[in-house]
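I have placed the structure first, in the form of structure tokens, so that the comments after it can refer back to it.
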Amino acid sequence: MRKLLLLTLVVFVGLAFIARLYYLQVYDASSYNPLDDSAVRKVFTYPKRGYVYDRNGELLVANQPSYDVMVIPREVEPLDTLEFCSLLKITKEDFIKTYTKAKAYSPRLPYVFLSNLSKDDYAFLQEKMRKYDGFYIQKRSIRTYRKTIGANVLGDIGEVNQSIIDKDAYYGKGDLIGKQGIEKTYEKILRGVKGTKFIQKDRFNRDLGPFKDGKYDTIAKPGKDITITIDSKLQEYGELLMTNKRGGIIAIEPSSGEILAMISGPTYNPNLLVGRNRSKNFNKLYNDSLAQPLFDRGLQAMYPPGSPFKTLNALIGLQEGVVTPQDKFRCNLGFKYGNQRMGCHVHRSPADMNLGIYESCNAYFGNVYLKIMDKYQSRVEAMDKWSAHVRSFGLGDYLNNDLSVGQPGKIPTSQTYNRAYGEGKWYPTFTVSNAIGQGEVLTTPIQLANMAAAIGNRGYYYTPHIIKEIEDDTIPSKFTTPKYTTIDKKHFEPVVQGMFDVYNKGTAKMLKVPGIEICGKTGTAENFAIIDSVKTQLTDHSIFVAFAPKDNPKIAIAVFIENGYFGSRFAGKIASLMIEKYLRNEITRTDLENFVLRYSLEHEYKKPYSGEPFGINRETILDPISEEEFEELQRKKRRIERVND
Amino acid sequence: MIRENQRRFSFDWVIIIIYLLLIGFGYLNIMSASHEGEITNYLDMSESYGKQLVFMGLSVVLIVLILSVEAKFYERFASIIYVVAILSLLGLFVFGKDINGARSWYGIGSMTIQPSEFAKFATALAVAKYISDIQTNLKTIRDQLKAAALIFLPALLILLQNDAGSTLVYASFFFVFYREGLQQIYIIIGFSLLILAVLALKYGLTITGLLAALIIFGVYFLKRKRNNSIFKPILILIVSLIFASGVKLFYNNILKPHQQNRISLWLRLEKDPAKLERMKKAEAYNLIQSEEAISAGGFWGKGFMQGTRTTGKFVPEQDTDYIFSTVGEEWGFLGSSFVVILFVFLIIRIIYLAENQKSQFSRVYGYSVASIFFLHFTINIGMVMGLIPTVGIPLPFISYGGSGLWSFTILLFIFVKLDSNKINEW
Ligand SMILES: [Zn+2]
């Protein structure tokens, strides 16, 4: 017994130790990963973000260095706060607030304490920062916009949200990510792949050198440059024309679906969303609920398209064989159907297709629409046939393209009416507004531009897109594959001729550009606002859809001007100017240009908020800007011309 | 010729091989734990690994000396060696050098020597000599007190020099006395007191008192013999309660705050999260880092010189008291278990050989050696893995340090010499 005590204890202790080792090293330990090793510091190397060029090779977006003051709270030693704050030009309250946030985020991870120092500040502070443990300056690359245009197109980058970090392991706190526009859509191509360097550190957090001779390190892959389809000259000119107006302009190259210009008014300087003031400026733009500069009207504004939609009904009528171009319909300031009436204006009667289009005769299209609906035994079948034709032009659904925002619009089907009136309890006369682009039809400007492109192409379109080239890569094939409409090519000529005659004899004859054969269609959209909980009608939106030249069109365009009244008043003028600018790079119709630049719609936009009764449409008057402001716009125009030549 | 051969090969090679394995493995881990950047000069005397290599070389010289001296020398000169050791401990009060608050070193040039390390084998020799004396009978109180005095004297001197860890090592002689005739009751009392102390600290006096009463009266009623007075268990209970209160009092009033915190961490007494957080940065820092390093080793270990925590010097004192965390990180479960098994084999081998000694002196000395290694092994590795409170003592043969290496070498090889001589004692 006496001999056994120590022996037993030795064996017992030995076994206890091995059990403890097993618990610590095998049972409780997971496989080794240098990313989780707190003795290894991870340093990311950020690659160059890809540049963005316009279709003519002009550099639109590049990078610039930015210097941030970073803090790692755990490593901060007591410091002279007052001196420190005066160095950084911040108040003591700012210091405490940011420092508290940094600590709450993580005591051991770097946190952006002060972002985007100026170059001078950086040079001055670089030396001084050494004195403050836990603070250091980090260089980052941020965007710089060479032209102050296309904020809605180009978008911006900003610090990634927590929700994305949780979902995508690539991103870490403080990383930059595309937030809007092409920066968002082409984020993965532009950003490249960040590299990781593993550095062995000691317990005082000092670097000892590369971890395992860099065995785990990865090299950053630079982002790829991209070329977008935008013509920056056209974009810039369009933005100038949009001054003092709200609305959208979309121009497309019909032969490729490339978006030449994508303007939303009001716009803003893209440099506002770069650097230190990004979130302040973003909130300001975001909270501007009246002008809504972040609302991309070219892509997101859904309205009844009005008259331009009539061209589709003409095409469907021809395709369905219910009408020929020669068939005439009587118009007596409108027409009666059932016991209702649809009004029209004074013009020659009866109208054939050509006259119907260029005079935009409601009676003509009401009759054609009813004929389409009557062709089939079943109303449901007729409605769905019609709907399918319309949808084949890219209307009524998302275009499924590479823009970061969009709207589907709306094209009714039999189900729409079954839901509204009850199964089968509706008649073609209920839906006849569809004939003239009202009723249940809603479209966005980009859909209308695409529709114009499809008509210009005589029956097909390419999905409108913004990407033209990707460095060492090809663009998605869905953008290079034509999509055919359900209308045969042979039916387009009469409709194209009708649109051409809109410029010759119709609603746009004042907008003719000598030497360019433009086909177009004016339109208006009624719209309403709720003022003091009363639905109040406002001045119509001015709409214009066009393509040019008539044969082998180079440009298709849709212009939409909020409360601009009739189609040729603003939208038509702008469309003609854009077409001339693009095809000829100079403006001969300076009278149109002066009109568009001179007249502001700002007073129109203030009306609903004035608290006073106001008139609309016919009762509105044109409001010229002051002579100085006009001169300023002229100077701006000349500057654009000079720079772009 | 034959006699010569027999003599040469009568050294116990199992012990010698384990010794060499431990020292060699220790050296590799000291290199890992102390190097900064690439090692260019293995004899760089400003680095631990350089010095350790020299210490190892000198150990070989010591071994040759120890083994070539006549075995009888150690028994004959035991008393004188003991006196010299005590004098050198006393001398520290006059000539000693303070390092980390403990006055345990002599400075000789740039070298330091720690006499408390050498006092261990001196005490072991003295204890062996005293117990093996024909006239000594450990069953008598008088001789028990004399033997205890032999141990308390160096232990007290070391405690006065503020080296609590080394003091604790002298408790190992308890096992020796028990082996040589100390009554079992002492063992029972010893363990009971240990349990009482832990209970008093962890659960407070009331619960400890109730538990003690339950056990004491339970035993009393179960084993009741004729004429057994009820006063005896009552007395035992009272003494237990006084002891428990004494422990409490000692913990609260005598221990220094850092010692209190170590025990508080071990028994998980602290509930205030803010204070716990502070302790994690202070007293518990070493332990947390050490456990993390061991865990990081996994089954296979990260490989020699590949431990990130070791390279980054996350564990303080990693080449000395916390050397086992280097083993854990770089050699994994495999290497750490190997070290544990080597120690268990070494100690068992010594006990086995000690039991087979013909002379009582050799047996007692051998038993002392085994007990001392056992205590170092248990306390050091137990502490590094968080099984017992933090006590600073080295892991024999593995931890860096000249005094330690030499004293353990002397301790072990005197026994190897005594063991080899048993043939001559017929
Ligand atoms: Zn009419």
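In order, the protein sequences belong to chains A and B.
Per the UniProt record's numbering, the first sequence runs over residues 1 to 645.
Per the UniProt record's numbering, the second sequence runs over residues 1 to 426.
Note that CB positions come from ideal geometry on N, CA and C, so glycine has one too.
Predicted model only: the values in this text are computed from it and were never measured.
Closer than 8 Å to chain A by CB, residue i
i	result
M305/B	no
M56/B	no
R8/B	Because the pLDDT of R8/B is 48, which lies under 50, any placement of that residue in the model is unreliable, and the question is left without a value.
Y365/B	no
L387/B	yes
T123/B	no
Y322/B	no
F299/B	yes
A126/B	no
Y130/B	no
I2/B	Its pLDDT being 43, under 50, I2/B is placed unreliably in this model, and the value from its coordinates should be taken loosely. Output row for I2/B: interface = no.
A370/B	yes
I381/B	yes
G26/B	no
Collapsed DSSP secondary structure at residue i in the structure displayed
i	result
I466/A	coil
Y106/B	strand
E4/B	Residue placement at E4/B is poorly supported in this model, since its pLDDT is 47, which falls under 50; the coordinates still yield a value, given next. Helix, per DSSP.
F544/A	strand
residue 492/B	Residue 492/B falls outside the range modelled here, since chain B spans only 1 to 426, and no answer is possible.
F9/B	For F9/B, the predicted structure reports a pLDDT of 49, less than 50, and the residue's modelled location is therefore unreliable. A value from the coordinates is still provided. In this structure, F9/B counts as helix in the three-state DSSP scheme.
R41/A	strand
V323/A	coil
L60/A	strand
E270/B	coil
Below-8 Å beta-carbon distance, residue i vs any chain B residue
i	result
Y22/A	yes
I18/A	yes
G14/A	yes
K3/A	yes
Q200/A	yes
L9/A	yes
V274/A	no
L109/A	no
When the options are compared against residue i, the one with the closest alpha-carbon
i	options	result
I219/A	E602/A, P47/A and D225/A	P47/A
A16/A	V239/B, P389/B, I381/B and F118/B	I381/B
N339/A	V432/A, K385/A and K375/A	V432/A
C519/A	Y358/A, Y427/A, F124/A and E619/A	Y358/A
G298/B	D321/B, A274/B and G328/B	G328/B
residue 663/A	E612/A, A351/A, G172/A and D473/A	Any property of residue 663/A remains undetermined from this structure, which presents chain A solely from 1 to 645.
Y170/B	A213/B, F121/B and Q184/B	F121/B
G181/A	E580/A, I625/A, G155/A and P107/A	G155/A
I596/A	R391/A, K188/A, K245/A and P110/A	Checking the displayed sequence, the identity of residue 596/A turns out to be Val instead of Ile. If we check each option's Cα against that of V596/A, K245/A comes out closest.
R569/A	I516/A, E627/A, K509/A and T588/A	K509/A
R297/A	P308/A, S232/A and A151/A	A151/A
I142/A	R74/A, V61/A and V545/A	V61/A
E317/B	G401/B, I242/B and E277/B	G401/B
P608/A	V10/A, D207/A and L538/A	L538/A
Whether residue i touches residue j by CB criterion (8 Å)
i	j	result
D623/A	Y605/A	no
V315/B	A296/B	no
T466/A	T229/A	Looking at the sequence provided, one finds Ile at residue 466/A rather than Thr. Yes, Cβ-Cβ distance for I466/A and T229/A is below 8 Å.
P445/A	I259/A	no
R363/B	R2/A	no
M342/A	L395/A	no
E471/A	D225/A	yes
S104/B	S88/B	no
F365/A	A291/A	no
T413/A	P305/A	no
I249/A	I263/A	yes
Neighbour flag for residue i against chain E, beta carbons, 8 Å
i	result
Q25/A	Of the chains in the structure shown, none is chain E; the protein chains are A and B.
Any non-hydrogen atom of ligand 2 within 7 Å of residue i CB
i	result
L342/B	In terms of ligand content, the structure shown lacks ligand 2 and carries ligand 1 instead.
Quiz: which residues have CB nearer than 6 Å to ligand 1 non-hydrogen atoms:
C331/A, C344/A, H347/A, C361/A, N362/A and A363/A
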